[in-house]
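For reference, the structure is listed below as structure tokens.
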Amino acid sequence: EYGGTEGLVTLEDVLEELVGEIHDEHRQADAQTFVQREDGSWLVDGSVAIDDLVDRFGLKGEPLPRDYTTISGLVLAELERIPAAGDAVTWRGLRIEVVDMDGRRIDKLLVART
1480 EYGGTEGLVT LEDVLEELVG EIHDEHRQAD AQTFVQREDG SWLVDGSVAI
1530 DDLVDRFGLK GEPLPRDYTT ISGLVLAELE RIPAAGDAVT WRGLRIEVVD
1580 MDGRRIDKLL VART
């Protein structure tokens, strides 16, 4: 009768305990997904959402393509092939270079304004 609340457990908390971290496309990008370098360029995780990239670089205007949702998907769509480290594309005033691959998955990219 004099109980208190110790904490709150959500369904997502329970599922994450069972299967591991669940990616939530509505959750803000982790600070580690964007690392600014001394030269002003950014080292970016390949799984970063295009929306987060647009927000980070203030690229408003044209509607975003919906064929892909991540920066890796953007690079794949622009190149029309599996990239190799060193491949680069230019998109909306940004140069996006593949820095690291994990097998066939784009792991890290270097993003700089052109």
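Heads up: take any position in the sequence shown, counting from 1, add 1479, and you land on my numbering.
The C-beta atom is built at its ideal place from N, Cα and C for all residues, glycine as well.
Distance between ARG1592 and ASP1531, taken at the CA atoms: about 16 Å.
According to the DSSP assignment, ALA1556 belongs to the alpha helix (DSSP H) that extends over 1550-1558. When only Cα atoms are considered, GLY1525 and LEU1487 end up about 33 Å apart. Three or more pairs of CB atoms, one per stretch, sit closer than 8 Å, so the region 1556-1565 contacts the region 1573-1588. Of the other Cβ atoms in all chains shown, 16 or more fall within 10 Å of the Cβ of LEU1573; this residue is therefore buried.
Contact between LEU1588 and VAL1533 does not hold, since the beta-carbon distance rounds to 15 Å and is not under 8 Å. For THR1569, DSSP records a beta bridge to ARG1574.
Assigned with DSSP and collapsed to three states, VAL1523 falls in strand. DSSP, reduced to helix, strand and coil, places ILE1529 within a helical segment of the structure shown.
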